[in-house]
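Chemist: Before I ask anything, here is the structure I am working with.
Numbering (the working numbering), first residue to last: 7 to 200.
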């Protein structure tokens with residue numbers, strides 16, 4: 007079995023795992039939180055009967071529930087294996103960079119890749135984001151590539167970097183891990199034909 011076939015098999019397993027997590031978030035946890043919000047809304051209609059402390063606790067519960075619901079919604083998008091196909095590459099990258107210290111800049115355009123390449127790019131970027139060092143970082147896109155700027159060293163070992171390069175190669179995407187001295191940690195672009 008070739009490296010490419012192994013990579014395809016692993017990608018299939020990862021896709022199934024991500025789909026399952028996304029489905030649980032969307033189909034089970036999200037509706038439970040929405041139901042709790044509806045019950046809370048009913049309680050709010052009776053808030054006049056509560057003491058001032060009770061109304062304050064109700065407000066705190068409302069805030070906590072809204073925060074939890076937004077966190078689940080963002081996590082659902084971030085784990086969705088078909089995110090780029092669902093909302094496009096630019097919006098997918100916005101979701102992947104949301105909720106953390108990673109900023110996103112697409113003012114120089116977004117690559118126009120095939121749907122399969124966009125899905126692969128999202129999977130690779132998702133993995134690289136998990137390996138970010140502490141501190142702020144910036145993901146930028148242009149019409150030709152995706153580049154991650156930051157300080158420190160990505161928390162990816164040699165095998166993990168090789169696996170991400172292989173996934174990129176599977177989809178004709180070049181994955182480069184840069185030296186952190188230039189503050190450019192990672193780049194992703196189309197492989198050039200020889």
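Note that CB positions come from ideal geometry on N, CA and C, so glycine has one too. The model shown is predicted, which means the values in this text are computed figures rather than measured ones.
1) Tell me, please, whether the stretch 190 to 197 touches the stretch 144 to 155 by the rule of three or more beta-carbon pairs shorter than 8 Å.
2) Report the option in 98, 23, 48, 72 whose CA atom is closest to the CA atom of residue 84.
3) At what residue ranges does the stretch 141 to 171 contain a whole run of the beta strand (DSSP E), taking only runs of 3 or more?
4) Bridge partners for residue 28 per DSSP, in chain order?
5) Check each candidate in 181, 107, 23, 87 and name the one with the smallest Cα separation from residue 167.
6) Do residue 191 and residue 136 have their C-beta atoms closer together than 9 Å?
7) Taking 9 Å as the cut-off, decide whether the C-beta atoms of residue 105 and residue 75 are in contact.
8) From the DSSP output, read off the bridge partner residues of residue 190.
9) Which residues mark the beginning and the end of the beta strand (DSSP E) in which residue 179 is found?
Modeler: Result, derived from the coordinates:
1) yes
2) Residue numbering aside, residue 84 sits at position 78 when the chain shown is read from its first letter. Minimum Cα distance to residue 84 is reached at 98.
3) 143 to 148, 151 to 156
4) As a position in the chain shown, residue 28 is number 22, starting the count at 1. Beta-bridge pairing links residue 28 to no other residue.
5) On the chain shown, residue 167 is found 161 positions in, with the first residue counted as 1. Of the listed residues, the one whose Cα sits closest to residue 167 is 181.
6) Locating residue 191 in the chain shown gives position 185, where the first residue counts as 1. Locating residue 136 in the chain shown gives position 130, where the first residue counts as 1. Contact: no.
7) As a first step, residue 105 is located in the chain shown; it is residue number 99 there, counting from the start. As a first step, residue 75 is located in the chain shown; it is residue number 69 there, counting from the start. It is not a contact, given that the beta carbons lie outside the stated cut-off.
8) Here residue 190 refers to the residue found at position 184 when the chain shown is read from its first residue. In DSSP, residue 190 forms a bridge with 155.
9) By 1-based counting over the chain shown, the position of residue 179 is 173. Run containing residue 179: 179 to 183, per the beta strand (DSSP E) assignment.
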